[in-house]
Every structure is written in structure tokens, then in C-alpha cells.
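Protein sequence lines, in the order shown, are assigned to chains R and A.
Residue 297 in the working numbering sits at position 112 of the first sequence, with consecutive numbering throughout.
Residue 361 in the working numbering sits at position 176 of the second sequence, with consecutive numbering throughout.
A virtual CB, placed ideally from N, CA and C, is assigned to each residue, including glycine.
All values derive from a computational prediction rather than experimental measurement.
Number of protein chains: 2
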Amino acid sequence: MIRKNPKLLHYLTETLIQEIPVDIMVNTYKAGAVILDQNKRVSNVYIIKQGVTKCYLTEDNGTQFIQEFFGEGELFGEVETLKGGLSFCCIEAINPVEIIQIPAKVFMTLLDTDKKFNRLILEALTNKIQYKAIRHAYNQSHTIEDKIQRLEKDFPELFQKLAKQDIANYLGITPRSLNRVLNKTKL
Amino acid sequence: MIRKNPKLLHYLTETLIQEIPVDIMVNTYKAGAVILDQNKRVSNVYIIKQGVTKCYLTEDNGTQFIQEFFGEGELFGEVETLKGGLSFCCIEAINPVEIIQIPAKVFMTLLDTDKKFNRLILEALTNKIQYKAIRHAYNQSHTIEDKIQRLEKDFPELFQKLAKQDIANYLGITPRSLNRVLNKTKL
DNA sequence: GCTCTAAAAGGACATTTGTCCCGGTAAAAC
DNA sequence: GTTTTACCGGGACAAATGTCCTTTTAGAGC
């Protein structure tokens, strides 16, 4: 649900930024701001220092599908930087966020020169692969009711922290269906 | 659909195997063989040299969801090796396959010592992230009909090469629904 | 050629989910 | 205080999908 990566954030703030302060900067965005848009060139890698963003993809038919919510330490822009090519999803602040920004070039150099950094990135990537695999499989083979229950268990403040529309977009359903199932469950 | 990674395969067979022939071996499996099972310890990283496998995940309710079909050059076991922990999906040969097998330890050493190899793996991982993201979003926001048409476009030999049950498991639907939509389309 | 088995096909019905739309509520504007 | 606007919830119906089950087909093995 809200993905985090404290180890990566810790390494960046405690070790890296001390050594190479140049070029690595921290930006802030207010709620609702689009930090990275779909189909744009990407020239930085970003790591969230504080706050929560949503990462979503807009389909040709207009629906938005939320891949994940990103919290502290989560990184994005790394896929585009490594593969080249345009961004394939949009990152938007849900509340005020603080973000560490590393120029693509610096990121690539770090990968080559800093073994610890390299390893942290490898682990971050494999994490994404794993949770994506598990989530997709779960999504395709369980009812909406199951999905909601699971979400609420993992993340009890769900309905306090997130808009219903966002929850629906995360589950890949309409708000109408979400409401219906919620009513059925509460009875 | 059938994922490949010719660059990685090429590097392994043309360059790497020459230099470090020890420990890296090629195995063969016949159709239907389980190469890597779910929830097992993983002590090798595998790269497909020839043939096609399916990579699927079995849910608690018994349904199988196929993540991808893997063709030449595709690797697996790398996520478990990097993260530690048990395998989260099952790899099964669809036709006779030939597979290069690298012991986990050797894989980790290569990542540290061989820059080119490291980069190829980083790219392989980001590829997986990207296609998983796009596929999940597409799956959640399009009808079965759309999904089938798209599949057939990407992979015209679909129904010749794969069992209907596998196609259904890849799409996250039942064979019944698959048939129904196929009939509707053909009329 | 015959038998056995596994895969494929599709009918009938139940359930789930989406679509469309209307009425209520609450905050903002005047 | 009244009007306006936007959001939210939910009713009614339609469409999509799953479930269960029976029949058909196609091969493999003998």
C-alpha cells in the first residue's frame, strides 16, 4: 500500500549527502502537485524524504490506475533513467512532500562507483518486482471484498488518509462498487 | 507476453562463459518440468538459453496467475537471490528448455566485479518493473475483449502455441469467459 | 480400429460489477 | 437566510464474468 525504504533514505541522508553535497538537492511540493508527469523526459532520480505520493498511470480510456503510494525512502525515476525512454507513470503529492533529487548522470555514476549504493538500488528494484507480482496475482484472483479487507488489515487508517476515489483507483474498481461492498461488509 | 533478453544471453554465452567456465552450467528440462517451485529456498540464478517457460503464482484459493512467459535470455531467481527469502513463483517448462544456471554466490560476485554484467542485470530488473506496471494497469481497466485483441496482436501464434487454460490464467479469467468472448469476436 | 484420457466447447443460471442518474447534505457565495 | 455548487451515497437496471455441468473433440497408447 504505502511503500517505504528506510535503509535507502538513511544511507542517502547519513552518508551520501555528506560526501557529495553538490548536485543532490531537496525540493518541497505541496499537496496535489505533480512531481513527475507521464510521457515526459526524465532527467532526475527522486527519493522521498517526507510525505506521501501516489504513483498512477492514465490509460487511453481515461481511467487512472494507481500503482502504489510512495512513502519515505521510496524512489522513482530510476527505471526511466536506467532504461532510457519517457516516463510511464505520474507521481503526484498527496500531502506536502520533501524530495531528494539526484541528476540522472550523478545517479549513474554512483551506481558505478559506490558498491553500497548499487546494492541498495538492486534491492529496491527487486522489491518492486516482488510486490508488483504478488499484488497483480492477488488482484486478479480475489473479489473486491477480499481486496478491501486485506487493505484495511495492512493499513487501518485507509479511509481516514485517502480519498475514496484514490482507493477505488488503487483497487482498479469504480467508487460505486467500493461503496456497495463496504455497505455489505458493515452489516 | 513472451519476454526475452537477447543482450543478456549474448553476453553470457559469448563473453562470460569463456572466462569463468567453472560453476556455470547448462541444464535441460522437458516440457512440463518444474524448474523452480514456489516457497522454496533458491540457490541459483537461471537464464533461459532456449525454449519457453511459464512463471506463475498459485493463490491460497487455488487459482494460478501467470506472471509472464519467459523466452530466450530471460532470467529468474535473481529477485530471491538478491532479497533473500523463499521463491514467490513457480517456473515450469512449456516445451523442452535449456537453462544456464549460476550459483547464487557466483551471481553476487559477478554483480560486484563485472560492471557490464551489473548493468545488464539492472536493465533486466527495470524492464520487469516497467512491463509489470503497464500490464497491471491495462488489465484492471480494460475488458476481456480488449485484452485478447491486444495479446493476439502482440503474439499472433498465441492459440497455436499455448493451451487455453494458460492463456486464461495469464489474463486472470476463466476458460469459459475466454471462449465466450472469442465466439463473440469471430461473429 | 478401439479405448481411454485430457482438453475444449458451450448451455443455463447466479453473481459481481459497471453505468446512469437522482436526491441529499454541507460548505461557499451572495 | 437563500441560493449555488460540488461532492457523496445509493437505487435501478444492464452488461460482464464466474460457476457448474454436459457434450464433443482430438490424440495417445494399445
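Could you tell me the boundaries of the alpha helix (DSSP H) in which residue i lies?
i: R/Val264; result: Glu263 to Lys268
i: A/Ile284; result: From DSSP, A/Ile284 is part of no alpha helix (DSSP H) but of the beta strand (DSSP E) over Val282 to Pro288.
i: R/Phe344; result: Leu343 to Lys346
i: R/Tyr323; result: Lys300 to Ser326
i: R/Ile352; result: Lys349 to Leu356
i: A/Ile333; result: Ile329 to Asp339
i: A/Leu194; result: Pro191 to His195
Any Cβ of chain A within less than 8 Å of the Cβ of residue i?
i: R/Lys313; result: yes
i: R/Cys275; result: no
i: R/Phe255; result: no
i: R/Gln252; result: yes
i: R/Gly357; result: yes
So, for residue i: in the same chain, excluding its five sequence neighbours on each side, which residues have a beta-carbon less than 7 Å away from its beta-carbon?
i: R/Glu283; result: Val211, Thr213, Lys234, Gln235 and Gly236
i: A/Lys189; result: Gly256, Glu257, Gly258 and Glu259
i: A/Ile187; result: Val237, Phe254, Gly256 and Phe340
i: A/Tyr355; result: Ile251
Please decide whether residue i counts as near chain R, where near means a Cβ-Cβ distance under 8 Å.
i: A/Ile319; result: yes
i: A/Tyr323; result: yes
i: A/Lys192; result: no
i: A/Lys349; result: no
What are the start and end residues of the beta strand (DSSP E) that includes residue i?
i: R/Gln235; result: Asn229 to Gln235
i: R/Tyr241; result: Thr238 to Thr243
i: A/Leu221; result: Val219 to Leu221
i: A/Asn212; result: Met210 to Tyr214
i: A/Cys274; result: A/Cys274 -> no beta strand (DSSP E), and no H or E assigned at all.
i: R/Ile251; result: Gln249 to Phe255
At 8 Å on the CB atoms, spell out the chain R contacts of residue i, in chain order.
i: A/Glu308; result: Leu267 and Lys268
i: A/Gln334; result: Going along chain R, no residue has its Cβ under 8 Å from A/Gln334, so there is no contact; the nearest lies around 13 Å.
Could you tell me which chain A residues have their CB closer than 8 Å to the CB of residue i, listed as they occur along the chain?
i: R/Leu242; result: Ala318, Ile319 and Ala322
i: R/Gln223; result: Under the 8 Å cutoff, chain A gives no residues; its nearest Cβ is about 11 Å from R/Gln223.
Chain R partners of residue i, CB-CB under 7 Å?
i: A/Thr248; result: Ser326
i: A/Asp297; result: Lys300
At 7 Å on the CB atoms, spell out the chain A contacts of residue i, in chain order.
i: R/Val264; result: Thr311, Ile314 and Gln315
For a contact meaning CB atoms closer than 9 Å, what does residue i contact in chain R?
i: A/Asn303; result: Leu296, Asp297, Asn303 and Leu307
Residues in its own chain within less than 6 Å of residue i by CB, not counting five upstream and five downstream?
i: A/Glu337; result: Leu343
i: A/Tyr217; result: Sequence inspection shows Gly at residue 217 of chain A; the Tyr mentioned does not correspond to that position. Cβ neighbours of A/Gly217 beyond the five flanking positions: none.
i: R/Phe261; result: Tyr231 and Ile276
i: R/Asp222; result: Cys275
Tell me which residues share the same chain as residue i and place their Cβ nearer than 8 Å to its Cβ, disregarding the 5 neighbours each side in the sequence.
i: A/Tyr196; result: Lys301, Phe302 and Leu305
i: A/Ser362; result: Ile329 and Ala353
i: A/Thr359; result: Ala353
Handout entry: Inter-stretch contact (C-beta, 8 Å, three-pair minimum) for the segment 289 to 304 of chain R and the segment 237 to 246 of chain R
Key = no
Exercise for the section: Report yes or no: do the segment 251 to 271 of chain R and the segment 308 to 326 of chain A share at least 3 C-beta pairs separated by less than 8 Å? Expected result: yes
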